[in-house]
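Trainee: Let me give you the structure first, and then I'll get to my questions.
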């Protein structure tokens with residue numbers, strides 16, 4: 005069977021237990037699954053506890069990211085590859101699913117190029133940040149994942165990547181999941197977070213856009229607010245890499261993966277057999 | 005070639021860079037290597053930074069261990085599977101060695117039984133500690149390691165184990181390395197720390213015992229002080245599991261693994277072809 009790649013967000017309110025239960029059920033039913041997780045709330049909590057300031061970088065285009073200076077990198081690695089990854093692995097093991105936790109630095113699973121100089125806007129002025137350890141993803145090692153899947157293991161992946169100078173780099177989890185889904189030619193990429201999907205009228209959850217064909221991704225990108233922009237971008241990258249179906253769905257419901265597969269959330273697909281959602285409109 | 009299992013301690017003063025360089029050189033020369041690492045100094049530093057008190061448990065027989073209550077467990081997991089493991093993996097990757105970091109919870113690599121009630125001595129009185137997450141090792145998954153080694157990866161292992169209730173457990177790194185060496189039928193287990201080996205007259209480093217045949221392990225155990233007792237115990241377990249040679253050696257020299265293999269440190273061997281070190285004596 006072609007694998008599913010499932011991304012579970014690291015934000016506050018995300019329920020890892022229900023996602024783990026659905027992953028274990030899928031694997032038990034014979035579906036190979038790769039689980040990619042976020043880490044933001046855990047990294048913020050550990051940073052606060054350790055007295056490391058959490059700072060955001062705002063790009064000139066308005067994109068917000070974590071300022072990962074060397075001190076924050078140590079916290080980020082501890083939270084991502086340590087706390088969240090091993091909590092998820094132990095949770096899955098407790099459900100009988102033989103999970104193996106990895107980060108992108110392991111086995112060159114995710115290679116990235118460090119953004120050595122980042123333009124950031126602060127108090128209306130641009131400055132160049134040179135102490136950041138964030139990476140632009142380059143490639144994924146699908147062979148390592150295929151070997152683990154073939155041997156019956158379920159890979160659980162923390163959003164770190166290996167830089168070209170062997171740096172450990174913070175990378176975006178949604179786009180990492182898209183790259184991995186492409187490398188495995190997964191049939192579905194399911195991105196779960198603490199929103200129901202793409203909202204036409206953010207934050208009105210009743211304004212969910214149920215379907216976006218690939219041809220209307222530009223319109224979807226225009227609707228997306230904040231973190232959702234990265235998810236739509238990840239969906240586009242997955243489709244371009246040959247993944248036919250991406251679902252953006254809610255992690256806060258009782259069976260989040262099963263609910264998404266049953267049709268909930270925003271389905272972003274290669275094919276246009278669905279009627280286009282009227283909310284995508286023509287006024288954009 | 006039969007693999008080497010190398011354990012590098014996590015104490016202050018241990019030089020990870022030189023160990024990583026030796027591991028990369030061995031792998032480059034065609035020797036399969038599994039590297040197991042400690043975590044004590046990194047866990048202490050993160051705990052101090054996060055304001056989590058570092059407490060020791062002293063057993064009635066005088067053995068000292070880290071009190072790993074739920075709060076300390078989160079720190080321990082973060083430091084072991086996050087910080088130290090990924091630092092070593094990235095270091096090896098920078099040397100061209102395709103390392104994969106795992107902890108014992110991953111793929112059921114190390115299974116253990118939680119010590120749910122531990123007798124500890126405090127101010128001369130015994131009490132029972134029930135909130136500790138330390139484990140007694142039961143088994144290692146050699147298949148997972150063999151699969152990774154056969155595919156050209158170098159496993160790097162953090163000293164955590166999976167408990168019978170899917171708990172994450174703190175386990176002794178030396179004994180974990182011995183269990184792994186046995187499961188792989190390694191030809192050598194090399195245990196590096198910030199002492200030259202077993203000392204007949206601790207802490208006099210000139211009193212190094214150069215050879216202990218298996219038949220004299222009881223005498224060696226009587227000589228061993230503090231942490232060295234665990235290393236001699238690990239050596240015994242490795243020999244019992246079929247590993248013919250265990251070397252206890254110094255991590256602080258320029259080429260620690262090569263120096264150990266050239267004959268430095270304390271060699272604990274199945275065979276008695278060496279003259280028994282006079283320091284083991286007959287007065288014990």
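Residue numbers (my numbering), protein chains in the order written: chain A, 5 to 288; chain B, 5 to 288. Every residue, glycine too, gets a C-beta built ideally from N, C-alpha and C.
1) Say whether chain B places a C-beta atom closer than 8 Å to the C-beta of residue 146 of chain A.
2) Do residue 284 of chain B and residue 291 of chain B have their beta-carbon atoms positioned less than 8 Å apart in this structure?
3) With H, G and I counted as helix, E and B as strand and the rest as coil, what does DSSP make of residue 289 of chain B?
4) State yes or no: is the beta carbon of residue 259 of chain A nearer than 8 Å to at least one beta carbon in chain B?
5) Starting from residue 140 of chain B and walking both ways along the beta strand (DSSP E), at which residues does that stretch end?
6) In three-state DSSP terms, what is residue 10 of chain B?
7) What separation, rounded to the nearest whole angstrom, lies between the Cα atoms of residue 196 of chain B and residue 13 of chain B?
8) So, for residue 120 of chain A: in the same chain, excluding its five sequence neighbours on each side, which residues have a beta-carbon less than 7 Å away from its beta-carbon?
9) With 16 other CB atoms within 10 Å as the buried threshold, where does residue 219 of chain A fall?
10) Using the beta-carbon count (16 or more within 10 Å), is residue 258 of chain A buried or exposed?
11) Are residue 81 of chain A and residue 139 of chain B closer than 8 Å when you measure CB to CB?
12) By Cβ distance, which residues of its chain are closer than 7 Å to residue 72 of chain A, with the 5 residues on each side in sequence left out?
13) What does the Cβ neighbour count give for residue 67 of chain B, buried or exposed, with the cut at 16 atoms within 10 Å?
14) Taking just the CA atoms, how far does residue 230 of chain A sit from residue 50 of chain B?
15) Is there at least one Cβ from chain B nearer than 8 Å to residue 119 of chain A's Cβ?
16) Using the C-alpha atoms, what's the distance from residue 177 of chain A back to residue 99 of chain B?
17) Within the same chain, show all residues whose beta-carbon is closer than 6 Å to that of residue 239 of chain B, passing over the 5 residues directly before and after it, in chain order.
18) Assuming residue 114 of chain A is part of the beta strand (DSSP E), what are its boundary residues?
19) With a CB to CB cut of under 7 Å and the five nearest residues on each side skipped, what residues in its chain are close to residue 62 of chain A?
20) Alpha carbon to alpha carbon, what distance is there between residue 30 of chain B and residue 147 of chain A?
21) Any idea what DSSP makes of residue 86 of chain A, helix, strand or coil?
22) Which bits of chain A does residue 180 of chain B rub up against, with CB to CB less than 9 Å?
23) Taking beta-carbon pairs under 9 Å, can you tell me which members of the stretch 146-177 of chain B lie near chain A?
24) Between the C-alpha atoms of residue 16 of chain B and residue 48 of chain B, what's the straight-line distance to the nearest angstrom?
25) In chain B, which residues lie with their C-beta within 8 Å of the C-beta of residue 135 of chain A?
26) Can you name, in chain order, every residue of its own chain whose Cβ lies under 8 Å from the Cβ of residue 132 of chain A, other than the five neighbours on each side?
27) So with Cβ pairs under 8 Å, would you call residue 53 of chain B a contact of chain A?
28) Going along chain C, which residues have a C-beta under 7 Å from residue 78 of chain A?
Mentor: A quick look at the data gives this:
1) Here residue 146 of chain A refers to the residue found at position 142 when the first chain is read from its first residue. Residue 146 of chain A does not count as touching chain B.
2) What the structure shows of chain B is the stretch from 5 to 288, and residue 291 of chain B is not part of that stretch, so it cannot be assessed.
3) The question about residue 289 of chain B has no answer here: the residues shown for chain B are numbered 5 through 288.
4) Against the first chain, residue 259 of chain A aligns to sequence position 255. Closer than 8 Å: no.
5) Working through the second chain from its first residue, we reach residue 140 of chain B at position 136. Run containing residue 140 of chain B: 139-144, per the beta strand (DSSP E) assignment.
6) To locate residue 10 of chain B, count along the second chain from 1; it is residue 6. If DSSP states are grouped into helix, strand and coil, residue 10 of chain B belongs with the strands.
7) On the second chain, position 192 is the one that residue 196 of chain B refers to. On the second chain, position 9 is the one that residue 13 of chain B refers to. So the two alpha carbons sit approximately 6 Å from each other.
8) Residue 120 of chain A sits at position 116 when you count from the first residue of the first chain. Once the five neighbours on either side are set aside, the close Cβ partners of residue 120 of chain A are 134.
9) Within the first chain, the letter at position 215 stands for residue 219 of chain A. Residue 219 of chain A comes out exposed.
10) As a first step, residue 258 of chain A is located in the first chain; it is residue number 254 there, counting from the start. Burial call: exposed.
11) As a working note, residue 81 of chain A is residue 77 in the first chain. As a working note, residue 139 of chain B is residue 135 in the second chain. No, the pair does not count as a contact, with Cβ atoms beyond the cut-off.
12) In the first chain, the residue the question calls residue 72 of chain A occupies position 68. Excluding residues within five positions, the ones whose Cβ falls inside 7 Å are 80, 136, 137, 138 and 174.
13) Your numbering for residue 67 of chain B matches position 63 in the second chain. Classification for residue 67 of chain B: exposed.
14) Position 46 of the second chain, counting from 1, holds the residue named residue 50 of chain B. Position 226 of the first chain, counting from 1, holds the residue named residue 230 of chain A. Spanning the two alpha carbons is a distance of roughly 33 Å.
15) Here the question's residue 119 of chain A lines up with position 115 in the first chain. It does not; no Cβ of chain B falls within 8 Å.
16) Along the second chain, read from residue 1 onward, the residue named residue 99 of chain B stands at position 95. Along the first chain, read from residue 1 onward, the residue named residue 177 of chain A stands at position 173. Approximately 27 Å, taken between the alpha carbons.
17) Residue 239 of chain B sits at position 235 when you count from the first residue of the second chain. Excluding sequence neighbours, residue 239 of chain B sits near 250 and 272.
18) One-based indexing of the first chain puts residue 114 of chain A at position 110. That run of the beta strand (DSSP E) goes 114-118.
19) Translated into positions along the first chain, residue 62 of chain A becomes position 58. Here the set comprises 68, 124 and 125.
20) Numbered from 1 along the first chain, position 143 holds the residue referred to as residue 147 of chain A. Numbered from 1 along the second chain, position 26 holds the residue referred to as residue 30 of chain B. Looking at the two C-alpha atoms, the distance is approximately 24 Å.
21) Within the first chain, the letter at position 82 stands for residue 86 of chain A. Helix.
22) For the purposes of this step, residue 180 of chain B is identified with residue 176 of the second chain, where counting begins at 1. Result: empty, since nearest Cβ-Cβ is about 15 Å, beyond 9 Å.
23) 147, 148, 151, 152, 155, 157, 160, 162, 164, 166, 167, 169, 170, 171 and 172
24) What you label residue 16 of chain B is simply residue 12 of the second chain in a count that begins at 1. What you label residue 48 of chain B is simply residue 44 of the second chain in a count that begins at 1. Distance between the alpha carbons of residue 16 of chain B and residue 48 of chain B is about 10 Å.
25) Along the first chain, read from residue 1 onward, the residue named residue 135 of chain A stands at position 131. The premise fails here: residue 135 of chain A is roughly 18 Å from chain B at the closest Cβ pair, so nothing lies under 8 Å.
26) Indexing the first chain from 1 puts residue 132 of chain A at position 128. If we look at residue 132 of chain A and ignore the five residues flanking it on each side, its Cβ neighbours are 121, 122, 123 and 124.
27) Here residue 53 of chain B refers to the residue found at position 49 when the second chain is read from its first residue. Yes, residue 53 of chain B lies at the interface with chain A (some Cβ there is under 8 Å from its Cβ).
28) Absent from the structure is chain C; the protein chains it does hold are A and B.
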